[in-house]
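S.K.: Read in my numbering, the sequence shown has 841 at position 224, and its numbers run on one by one without any break. All residues carry an ideal CB built from backbone N, CA and C; glycine is no exception.
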Amino acid sequence: MREFLAGANEEGMRLSRFVLRVTHRLPNDLLYKSFRTKRIKVNGKRATAETRLLPGDRVQLYLNDEFFPPEAPLPEEGVQKVPFRVVYEDENLAALYKPAGVLTHRDSEGRPGLTEGYQALLRQRDPHFTEDENRFVPSAAGRLDRNTEGLVLLAKTHPALRELTRWFREGLIEKKYLCIAVGSPEEGHFKAYHRRDKQAKRVEIFSGEAPGAKPIETTVLVLDKKEHLALCEIGLVTGRTHQIRAHLAYLGTPLLGDVKYGGVNPSEAAVSYPGAGQALCAWKLSLPATLPKENPLCYLAGQSFKVENPALLQWWNRYRAAGKTL
618 MREFLAGANE
628 EGMRLSRFVL
638 RVTHRLPNDL
648 LYKSFRTKRI
658 KVNGKRATAE
668 TRLLPGDRVQ
678 LYLNDEFFPP
688 EAPLPEEGVQ
698 KVPFRVVYED
708 ENLAALYKPA
718 GVLTHRDSEG
728 RPGLTEGYQA
738 LLRQRDPHFT
748 EDENRFVPSA
758 AGRLDRNTEG
768 LVLLAKTHPA
778 LRELTRWFRE
788 GLIEKKYLCI
798 AVGSPEEGHF
808 KAYHRRDKQA
818 KRVEIFSGEA
828 PGAKPIETTV
838 LVLDKKEHLA
848 LCEIGLVTGR
858 THQIRAHLAY
868 LGTPLLGDVK
878 YGGVNPSEAA
888 VSYPGAGQAL
898 CAWKLSLPAT
908 LPKENPLCYL
918 AGQSFKVENP
928 ALLQWWNRYR
938 AAGKTL
């Protein structure tokens, strides 16, 4: 039996299509026979080819190994070197700090990410962690861009993953970011329209409705200023791809170090943000204030997780204290 976890990208996908994506040379007649003989299940229950997946669904395939591509094992030494910090954890979830430059998940080239690093930590604590093939493997309920630092929530049980994914999808988790903007942003609550160009791997922002564009809302609070830079707290009312980076650039104050959206000004080259990324940190996550008693995470109602002294804030404090620009 092989088990796969449906993520946000698989939401609404037909189960038959998902099965064909994760298998190798599976004949159509065997695919539909497997549905009839209950060899394909979702969350342990019989499913049909037309079943639509939700994030967090566990798809179990009772098929011969020949129909699965060979898995390249992760080198344990490399996984154990993935840097991160545990901010909070219990039996249901973990809040982890991801430094800039670290992936959230293993990429297509096999490079491990935060998720694999945390799984390696659990194996260090319990050598039998992965022996049970039916055991739920901790999975990220959301993701951050590789070059964005900050908090990522990992679910350690299937019910926790379903709840966390739903909360993110429905905007029930309050998200606060720290950033350093080039320029002096206006403070307030800003609305616009966002359109993603997957091929170009960037987004466009519009003041009004546009074909394929979706509404976004972003709040801006300026915490500190020095020279041409501003330390800001950003609130995400909506949470779309590159929303903060693109929206602040649209407002005329792109993030320091954000080459993609114009955060590098040759005339201001005296100030450069370290690394290859943008000055952005997922600083604080707050869970729903009230939860019903039957919710598996009800004991965390109103809980907030915060990164203490992230790299971005350390850089700003050095810059703020310096007699001249860094």
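For the alpha helix (DSSP H) holding residue 639, just list the boundary residues, first then last.
M.R.: 632-639 is the span of the alpha helix (DSSP H), which, as asked, contains residue 639.
S.K.: Beta carbon of residue 921: closer than 7 angstroms to some heavy atom of the ligand FAD?
M.R.: Ligands in the displayed structure: none, and consequently the ligand FAD is not present.
S.K.: Could you give the DSSP three-state label for residue 811: helix, strand or coil?
M.R.: Note: residue 811 maps to strand in three-state DSSP.
S.K.: The beta strand (DSSP E) that contains residue 677, what's its start and end?
M.R.: It spans 675-678 - the beta strand (DSSP E) in which residue 677 sits, taken as one unbroken run.
S.K.: Just the Cα atoms here: how many angstroms apart are residue 930 and residue 833?
M.R.: C-alpha separation (whole angstroms): 26 angstroms.
S.K.: Quick one: what's got a C-beta closer than 6 angstroms to residue 937's C-beta in the same chain, skipping five residues either side?
M.R.: The residues are 843.
S.K.: In the DSSP assignment, the beta strand (DSSP E) including residue 797 goes from what residue to what residue?
M.R.: Here the beta strand (DSSP E) through residue 797 covers 791-799.
S.K.: Need the endpoints of the alpha helix (DSSP H) that residue 897 sits in, please.
M.R.: Counting along the chain, residue 897 falls outside any alpha helix (DSSP H), though it belongs to the beta strand (DSSP E) covering 897-903.
S.K.: In three-state DSSP terms, what is residue 855?
M.R.: It is coil, neither helix nor strand.
S.K.: Between residue 781 and the rest of its own chain, which residues show a CB-CB distance below 6 angstroms, the 5 nearest in sequence each way excluded?
M.R.: Result list for residue 781: 758, 770 and 772, in chain order.
S.K.: Of the choices 817, 865, 846 and 796, whose alpha-carbon is the least far from that of residue 823?
M.R.: Here the closest residue by C-alpha is 865.
S.K.: Going by the CB atoms, is the gap between residue 880 and residue 873 shorter than 8 angstroms?
M.R.: Cβ distance < 8 angstroms, so residue 873 and residue 880 count as in contact.
S.K.: Using a Cβ-Cβ cut-off of 8 angstroms (strictly less than) and excluding sequence neighbours within five positions of residue 730, which residues of its own chain qualify?
M.R.: Closer than 8 angstroms at the Cβ level, and outside the excluded window around residue 730, lie 699, 719, 720, 721, 722, 723 and 724.
S.K.: Using the C-alpha atoms, what's the distance from residue 919 back to residue 777?
M.R.: Each residue's alpha carbon lies about 16 angstroms from the other.
S.K.: Between residue 854 and residue 870, is the Cβ-Cβ spacing less than 8 angstroms?
M.R.: Going by C-beta atoms, residue 854 is not nearer than 8 angstroms to residue 870.
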